[in-house]
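Reading through the structure tokens given below for one structure.
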Amino acid sequence: MKVLICHSSSNEVGPALVAAFRSMGHASSSFLDDQSIYFNLYHFLTNSPFRKNAALTLQNYKKLIGRKLLQVIKVLCPELIIVIQGDYFFGEDIERIRTVYGLPVINWLVNDPILLEFYDPFRVVNLSAYS
Numbered sequence: 767m768k769v770l771i772c773h774s775s776s777n778e779v780g781p782a783l784v785a786a787f788r789s790m791g792h793a794s795s796s797f798l799d800d801q802s803i804y805f806n807l808y809h810f811l812t813n814s815p816f817r818k819n820a821a822l823t824l825q826n827y828k829k830l831i832g833r834k835l836l837q838v839i840k841v842l843c844p845e846l847i848i849v850i851q852g853d854y855f856f857g858e859d860i861e862r863i864r865t866v867y868g869l870p871v872i873n874w875l876v877n878d879p880i881l882l883e884f885y886d887p888f889r890v891v892n893l894s895a896y897s
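For the record, in the sequence shown the residue sitting at position 26 is 792 according to the numbering used here, with numbers rising by one throughout.
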């Protein structure tokens, strides 16, 4: 089975999953979801006096990363997608993957402050597209 693991570069969960799937004989690949100037700018702005601009930057980032993910799917043709902490993708992009490409998309929401890029106990995100 071809598995695509979407994760950030800041933790080891993604690489561990890729290695685990490979050890079981599955072809697995990584898609890093934090490789953009918008991503870095978003995190910078959230902790600055200009934090009101962070929301727009995050929206731009989600558009960019969603397009990149769709391009990777077209090239790699995975049979399963696992997204770790999938709140950086628009629900519409996840639904498109599920309906247009017919791929199962699993979101693994790691609720551990040590493993998250930043810990925000009041973070509320709609992840219904994954269901």
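A virtual CB, placed ideally from N, CA and C, is assigned to each residue, including glycine.
The shortest CA-to-CA distance from Ile847 to any of Ser894, Arg833, Tyr867, Leu811 is the one to Tyr867. Here the C-alpha atom of Leu893 lies approximately 30 Å from the C-alpha atom of Gly791. Asn892 carries a coil assignment under DSSP once its states are collapsed to helix, strand and coil. Inter-segment contact for the region 836–854 and the region 772–783 is present: three or more beta-carbon pairs are separated by less than 8 Å. Taking Thr812 as the centre and dropping the five residues before and after it, the same chain places the C-beta of Ala820 closer than 6 Å to its C-beta, in chain order.
Assignment of Val784 by DSSP, reduced to helix, strand and coil, places it in the helix class. For His809, there is no enclosing beta strand (DSSP E); the residue is found in the alpha helix (DSSP H) stretching over 803–812. According to the DSSP secondary-structure assignment, Ile850 is paired through a beta bridge with Trp874. Around the C-beta of Phe816, fewer than 16 other C-beta atoms lie within 10 Å, and the residue is accordingly described as exposed. In this chain, the alpha helix (DSSP H) harbouring Lys834 covers 820–842. CA-CA distance, Asp800 to Thr865, rounds to 25 Å. Burial is judged here by how many other beta carbons sit within 10 angstroms of a residue's own beta carbon; Ile839 has at least 16 and is buried.
Pro870 and Lys818 have their alpha carbons spaced roughly 35 Å apart. Within the same chain, Cβ atoms closer than 6 Å to the Cβ of Leu783 are found at Ile771, the five residues on either side in sequence being excluded.
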